[in-house]
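Trainee:
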Amino acid sequence: MRRTGYLGLCLVLILAIAIPSLAQLQADDAYRVFYNEQNPQKKLELGEKFLNDFKDSQYRPPVFQTVLNLYVQTQSWPKLIDAVDKFPTAFPNADAKLKIIAYDRGLTAAQQAGNVDKILDYGNKLLAADPTSLNAQFMVATTIPLKLPADENGKKAAMDKALDLSTKALASVQQTFSQPKPPTIPEPQWKALKAEYEDQLHSTIALVYFNRSDFPKATEEYQTVLKSNPKDGPAHFYMGMIYRAQSAAASKEYQTTLDAENNAKRAQPVDQPLVDELAAKRQGLEGEIREKRDKAIDELAIAVAIGGPAGQQARPVLDALYKSKNNDSLDGLDQLIAQKKGQIGQ
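Numbering (the numbering used here), first residue to last: 31 to 376.
1. Can you name, in chain order, every residue of its own chain whose Cβ lies under 7 angstroms from the Cβ of residue 333, other than the five neighbours on each side?
2. Can you tell me whether residue 370 is buried or exposed? The criterion is at least 16 other CB atoms within 10 Å of its CB, across all chains shown.
3. Pull up the distance between the alpha-carbon of residue 175 and that of residue 335, whole angstroms please.
4. Identify, in the order they occur along the chain, each residue of the same chain with its Cβ nearer than 8 angstroms to the Cβ of residue 210, setting aside the five sequence neighbours on each side.
5. If I'm right that residue 203 touches residue 232 with Cβ under 8 angstroms, what's the distance once you round it to whole angstroms?
6. According to DSSP, is residue 262 part of a helix, a strand, or is it coil?
7. Return the Cβ separation of residue 374 and residue 224 in integer angstroms, given the expectation that the two are a contact with Cβ distance under 8 angstroms.
8. Quick check: the segment 205-220 against the segment 229-249, are at least 3 beta-carbon pairs closer than 8 angstroms?
9. Using DSSP with H/G/I as helix, E/B as strand and the rest coil, what is residue 295?
10. Mind checking residue 2: buried by the 16 CB within 10 Å criterion, or exposed?
11. So, with DSSP's three-state summary, where would you put residue 274?
12. Name the two residues that bound the continuous alpha helix (DSSP H) containing residue 312.
13. Counting only the same chain and skipping the five closest in sequence on each side, list residues whose C-beta sits under 7 angstroms from that of residue 179.
14. Near residue 206, which residues of its chain fall below 7 angstroms by C-beta distance, leaving aside the five closest residues on each side in sequence?
15. Which of helix, strand or coil does DSSP assign to residue 85?
16. Would you please state the rounded distance, in angstroms, between the beta carbons of residue 146 and residue 116? I believe it to be under 8 angstroms.
17. Using the beta-carbon count (16 or more within 10 Å), is residue 181 buried or exposed?
18. Helix, strand or coil: how does DSSP classify residue 355 here?
19. Short of 7 angstroms in beta carbon distance, which residues of its chain neighbour residue 284, apart from the five on each side in sequence? Order them along the chain.
20. Consult DSSP for residue 36 and reduce its assignment to one of helix, strand or coil.
21. Between which two residues does the alpha helix (DSSP H) containing residue 144 stretch?
22. Just to confirm before moving on: does the CB-CB distance between residue 447 and residue 258 stay below 7 angstroms?
23. Looking only at its chain, what residues have a beta carbon closer than 6 angstroms to the beta carbon of residue 172, apart from the 5 residues adjacent to it on each side?
24. From 368, 208 and 86, pick the residue whose C-alpha is nearest to that of residue 122; which is it?
25. Return the CA-CA distance between residue 128 and residue 118, expressed in angstroms with no decimal places.
26. Span of the alpha helix (DSSP H) holding residue 185?
27. What does the alpha-carbon distance come out to for the pair residue 194 and residue 114?
28. Quick check on DSSP: helix, strand or coil for residue 161?
29. Beta-carbon within less than 8 angstroms of residue 104's beta-carbon, same chain only, minus the 5 sequence neighbours each way: which residues are those?
30. Ordered along the chain, which non-local residues of its own chain (more than five positions away) have a Cβ less than 6 angstroms from that of residue 140?
31. For residue 330 versus residue 347, is the C-beta distance shorter than 7 angstroms?
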């Protein structure tokens, strides 16, 4: 009887050991079929089935990576976003390499889908796994201004982060594009890609400085953008807004100076050197007000000529400035816009 009991126990143990072995054999076979499949759509279906059927297989990470790449190849953005959303639960012990791949592919899908929340989510997670990722630095930096917190402290912190990431991304761009280009990318496309990175990053930095009212630095950044791309509508719009703000500041200082000049003239005895100094300052401010106003009109007219959302934003501001210069009349404004279109070849 004891031997029979031992025999039964051994059979139970053998069966317990055999079950995972059988599951492993099935996973090996399924992976072999998946690996050898050449048709992208069939390979994708096999990969999805493998991930669903074999939750503990050692092959899950490479299969998952291939499935994500196939989602990119087939532009299956909703499926890719769904897979990356489920990634932390599906791979709770994922290593840094798999996290980088998952969130990098997710970032591509979020960008293609225009999903700002997902861009920031995946981008920040990618930065946590790889702080040097150019894709994450670039996407998070340029997306932050699109969805700022409502409170001023939160807004300031977000814009500070955008500035920090943009600065790091510019350095990464220089490092990346100083290396030999991939042989599959033509030289003109390689140069255009570098210019696009730089333009958007300089625009983000400029916007941060604009929101800080640091107009000299903002101007420097926008001029860098316009040197590379003279048809950048938002850059022309913000340059116009900078000149308008500078004209308004000069106008306010002009009024203060005028009041001081008049008070100096009424004082007894009259301090003539002081009066002359204030008069000279007032006259200089008069010229500055006109100069900045006219520059604002030119930049905003170019933004309107280029069109797009920036042009729509620019039009009411342009109308108001033009009317303030021309006795409340818009006569000649359409001709000015047409002239600007000709200048930029629009």
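All residues carry an ideal CB built from backbone N, CA and C; glycine is no exception.
Mentor: On the basis of the data shown:
1. Within the sequence shown, residue 333 is the residue found at index 303, counting from 1. These residues qualify, in order along the chain: 263, 266, 267, 270, 340, 341 and 344.
2. To locate residue 370, count along the sequence shown from 1; it is residue 340. Looking at its Cβ environment, which holds 16 or more other Cβ atoms inside 10 Å, residue 370 is buried.
3. Here residue 175 is taken as the residue at index 145 of the sequence shown, counted from 1. Here residue 335 is taken as the residue at index 305 of the sequence shown, counted from 1. Approximately 25 angstroms between the Cα atoms of the pair.
4. Counting from 1 along the sequence shown, the entry for residue 210 is found at position 180. Close CB contacts of residue 210 within its chain, under the 8 angstroms cut and outside five residues either way in sequence, are absent.
5. Working through the sequence shown from its first residue, we reach residue 203 at position 173. Working through the sequence shown from its first residue, we reach residue 232 at position 202. Rounded, the Cβ-Cβ distance is 11 angstroms, inconsistent with contact.
6. Here the question's residue 262 lines up with position 232 in the sequence shown. Three-state DSSP puts residue 262 in coil, outside helix and strand.
7. The residue labelled residue 374 in the question sits at position 344 within the sequence shown. The residue labelled residue 224 in the question sits at position 194 within the sequence shown. Going by Cβ atoms, the distance from residue 374 to residue 224 rounds to 23 angstroms, so no, they are not a contact pair.
8. no
9. As a first step, residue 295 is located in the sequence shown; it is residue number 265 there, counting from the start. In this structure, residue 295 counts as helix in the three-state DSSP scheme.
10. Not covered by the structure: residue 2. The range shown for the chain is 31 to 376.
11. In the sequence shown, counting from the first residue as 1, residue 274 sits at position 244. Note: residue 274 maps to helix in three-state DSSP.
12. Walking along the sequence shown from the start, residue 312 turns up at place 282. Where residue 312 is concerned, the enclosing alpha helix (DSSP H) stretches over 302-336.
13. Indexing the sequence shown from 1 puts residue 179 at position 149. 185 and 188.
14. For the purposes of this step, residue 206 is taken as the residue at position 176 of the sequence shown. Counting only Cβ-Cβ distances below 7 angstroms, and skipping sequence neighbours, we find 164.
15. For the purposes of this step, residue 85 is identified with residue 55 of the sequence shown, where counting begins at 1. The answer is coil: DSSP assigns residue 85 none of H, G, I, E or B.
16. Working through the sequence shown from its first residue, we reach residue 146 at position 116. Working through the sequence shown from its first residue, we reach residue 116 at position 86. In fact, because the Cβ distance is near 21 angstroms, the residues do not count as touching under 8 angstroms.
17. On the sequence shown, position 151 is the one that residue 181 refers to. Exposed, because fewer than 16 other Cβ atoms sit within 10 Å of the Cβ of residue 181.
18. Here residue 355 refers to the residue found at position 325 when the sequence shown is read from its first residue. The answer is helix: DSSP assigns residue 355 an H, G or I state.
19. Here residue 284 is taken as the residue at index 254 of the sequence shown, counted from 1. Cβ neighbours of residue 284 beyond the five flanking positions: 312, 315, 316 and 319.
20. Here the question's residue 36 lines up with position 6 in the sequence shown. Residue confidence is low: residue 36 scores 45 on pLDDT, short of 50, so the model does not pin down where it sits. Its coordinate-derived value is still stated next. Reduced to three states, the DSSP call for residue 36 is helix.
21. Here residue 144 corresponds to residue number 114 of the sequence shown, with the count starting at 1. Element bounds for residue 144: n/a, residue is neither H nor E.
22. Since the first residue shown for the chain is 31 and the last is 376, residue 447 is missing from the structure and cannot be characterised.
23. Within the sequence shown, numbered from 1, the residue matching residue 172 stands at position 142. Here the set comprises 230 and 234.
24. Here residue 122 refers to the residue found at position 92 when the sequence shown is read from its first residue. Looking at the Cα atoms, 86 is the closest of the given residues.
25. Counting from one through the sequence shown, the residue named residue 128 turns up at place 98. Counting from one through the sequence shown, the residue named residue 118 turns up at place 88. Distance from the CA atom of residue 128 to the CA atom of residue 118, rounded to whole angstroms, is 11 angstroms.
26. Translated into the one-based positions of the sequence shown, residue 185 becomes position 155. 182-207 is the span of the alpha helix (DSSP H), which, as asked, contains residue 185.
27. As a first step, residue 194 must be located in the sequence shown, where it is residue number 164. As a first step, residue 114 must be located in the sequence shown, where it is residue number 84. One C-alpha to the other measures close to 27 angstroms.
28. In the sequence shown, counting from the first residue as 1, residue 161 sits at position 131. Under the three-state reduction of DSSP, residue 161 is assigned to coil, being neither helix nor strand.
29. Residue numbering aside, residue 104 sits at position 74 when the sequence shown is read from its first letter. Cβ contact annotation for residue 104 (same chain, cutoff 8 angstroms, sequence separation greater than five): 70, 71 and 74, in chain order.
30. As a first step, residue 140 must be located in the sequence shown, where it is residue number 110. Same-chain partners within the cutoff: 148, 149 and 152.
31. The count along the sequence shown starts at 1 and reaches residue 330 at position 300. The count along the sequence shown starts at 1 and reaches residue 347 at position 317. For residue 330 and residue 347, yes; Cβs fall inside 7 angstroms.
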